[in-house]
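Read in the numbering used here, the sequence shown has 111 at position 109, and its numbers run on one by one without any break. First the structure, in the form of structure tokens, and then the observations on it.
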Amino acid sequence: MSIKYARGEQSTWGHPEVAVDVAKWVSISFRIQVNRWFIEWSSGKLQHRASPEPTTLDMLQGMLDLLKQNEKRLSNVELENIKLKQQLEEQQETIESVEMLSEANYQELERFKNGHGYWYSIVGYATKHNNESENVTKPEWIRGHYFGAIALLLEANSSLKAVPMTFGLQDGIKTTEDEETTIVERMSTLCVELIHAGNYIILDAFFASKQLIEELRKHNLRLITRVRINAVGKEPLPTPPLKRSRGRPRIWGRSVKMRDLFDSKDCFTTETLLLYGKMVTLRYRAIDLHYRLPSSKGALCTRCVAGG
Numbered sequence: 003m004s005i006k007y008a009r010g011e012q013s014t015w016g017h018p019e020v021a022v023d024v025a026k027w028v029s030i031s032f033r034i035q036v037n038r039w040f041i042e043w044s045s046g047k048l049q050h051r052a053s054p055e056p057t058t059l060d061m062l063q064g065m066l067d068l069l070k071q072n073e074k075r076l077s078n079v080e081l082e083n084i085k086l087k088q089q090l091e092e093q094q095e096t097i098e099s100v101e102m103l104s105e106a107n108y109q110e111l112e113r114f115k116n117g118h119g120y121w122y123s124i125v126g127y128a129t130k131h132n133n134e135s136e137n138v139t140k141p142e143w144i145r146g147h148y149f150g151a152i153a154l155l156l157e158a159n160s161s162l163k164a165v166p167m168t169f170g171l172q173d174g175i176k177t178t179e180d181e182e183t184t185i186v187e188r189m190s191t192l193c194v195e196l197i198h199a200g201n202y203i204i205l206d207a208f209f210a211s212k213q214l215i216e217e218l219r220k221h222n223l224r225l226i227t228r229v230r231i232n233a234v235g236k237e238p239l240p241t242p243p244l245k246r247s248r249g250r251p252r253i254w255g256r257s258v259k260m261r262d263l264f265d266s267k268d269c270f271t272t273e274t275l276l277l278y279g280k281m282v283t284l285r286y287r288a289i290d291l292h293y294r295l296p297s298s299k300g301a302l303c304t305r306c307v308a309g310g
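What follows is the structure in structure tokens.
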């Protein structure tokens, strides 16, 4: 059954009663009940029940529930922000390292294109250094790295073994904390932190500087290193005479040039030892000298060993 509207559209829902009658899949009892409700509603017997107006307490309770939900959402957002911040901080170091590595690679490529120096490899954190080695086969300026390492010297089976304790890159990665810190100062700090007072430290001649010697003296550490051939030391002050002469008393002995120690061959001692898997004969001379420190009134008493 279909009903035509004034507009001519086809529909089966033109009237509620017709809709219930046409819907054959609805049970008879339900259709009768719907017709009764429609008759009561048409005659005014069936009134629309308005929902009760919310009280002030209900409104406050609803607002409280809404505030709790918003507070929970805010706490979740704050937790997410904290996690994201931690992830960014962890990734920041990686990003900085990648940026510096990219810059180093770019510089190496530019050097290769411009023909300056030798193309050896693209190595991150490589910096330009003045070669202070006395080996004439090496160029004056080289590109490379400074690694700081401390090893513990142990004796095993009549031989000495160096057991590494720490090893790290000391130059190439620049941060705001150590922009003005030199390599010698970093090595000095590393020795003081890891080595206890009273021990001996063997360092290269590059670290034989005033700053490092003064720092080691403060912490009662003894240094074994190589000095330059043009170094000048002072002999120990002789025993003062019983009768004091006029003038200011001497505080230094006679000056001794390191180069002059090799002139007297008769003063050298000869020893045969195993060195690099071969038996070799060495000559050495041991003498006590004082090295004057400009910032100290005293003298540093050391034993100077000259090898020939």
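C-beta atoms are modelled at their ideal positions from N, C-alpha and C, and glycine is treated no differently.
Checklist entry - Given that a residue counts as buried once 16 or more other Cβ atoms are within 10 Å of its Cβ, and exposed if not, what is His198? => result exposed
Closest residue to Ala233 among Asp262, Glu80 and Ile41 (Cα-Cα distance)
Asp262
How do the stretch 205-221 and the stretch 264-279 stand: do at least 3 beta-carbon pairs fall below 8 Å, yes or no? no
Can you list, in chain order, the residues of its chain whose CB lies under 6 Å from that of Met189, leaving out five sequence neighbours each side? Gly150 and Phe209
key: Chain-order list of residues whose beta-carbon lies under 7 Å from that of Pro238 (same chain, five-residue window excluded)   = Gly255, Asp290 and His292
Quiz item: In whole angstroms, what is the alpha-carbon distance linking His147 and Leu171?
Solution: 7 Å
### Message
For a test of the three-state rule: what should DSSP assign to Arg250, helix, strand or coil?
### Response
coil
Would you decide whether Gly64 is buried or exposed? Buried here means 16 or more other CB atoms lie within 10 Å of its CB.
-> exposed
- prompt: Which residue's Cα is closest to the Cα of Thr168: Thr96, Thr183 and Ile152?
  reply: Ile152
Report task. Run the CB neighbour count on Leu223, radius 10 Å, all protein chains shown included, and call it buried at 16 or more, exposed below. Result -> buried
Query - Cβ shell of Lys47 (< 6 Å), same chain only, five flanking positions each side left out - result: none
>> Just to confirm before moving on: does the CB-CB distance between Val258 and Gly235 stay below 7 Å?
In response: yes
query: With distances taken from CA atoms, which of Leu154, Ser247, Thr241 and Pro240 is nearest Ile204?
result: Leu154
Across which residues does DSSP place Leu156 in a beta bridge pair?
Lys163
Under DSSP, the beta strand (DSSP E) around Ile144 begins and ends at which residues? Trp143 to Gly146
Note to self: Can you look up Gly255 in the DSSP assignment and give me helix, strand or coil?
What the structure shows: coil
Collapsed DSSP secondary structure at Gly150 in the structure displayed: strand
- Query: In whole angstroms, what separates the C-alpha of Ile253 from that of Asn159?
  - Reply: 46 Å
* Below 8 Å on the Cβ atoms is my guess for Ser211 versus Val194; work out the distance and round it to an integer in Å. => That belief does not hold up - the Cβ atoms of Ser211 and Val194 are roughly 15 Å apart, past 8 Å.
Could you check if Leu214 is buried or exposed, using at least 16 other CB atoms within 10 Å of its CB as the buried criterion? buried
*asked:* Just verifying my parser: in three-state terms, what is the DSSP assignment at Tyr120?
replied: Residue placement at Tyr120 is poorly supported in this model, since its pLDDT is 44, which falls under 50; the coordinates are not used for a value here.
Can you tell me the Cα-Cα spacing of Leu62 and Lys87, whole angstroms? 37 Å
Out of curiosity, what's the CA-to-CA distance linking Glu91 and Glu73? 27 Å
Please list the terminal residues of the continuous beta strand (DSSP E) segment that includes Leu275.
Thr271 to Leu277
* To do: For Val229, name the three-state secondary structure that DSSP assigns.
  => coil
Length of the line joining the Cα atoms of Met3 and Leu76: Low confidence applies here, because Met3 scores a pLDDT of 42, under 50, leaving its location unreliable and the question unanswered by this model.
Check: Taking DSSP as the reference, what is the three-state secondary structure of Leu205?
Finding: coil
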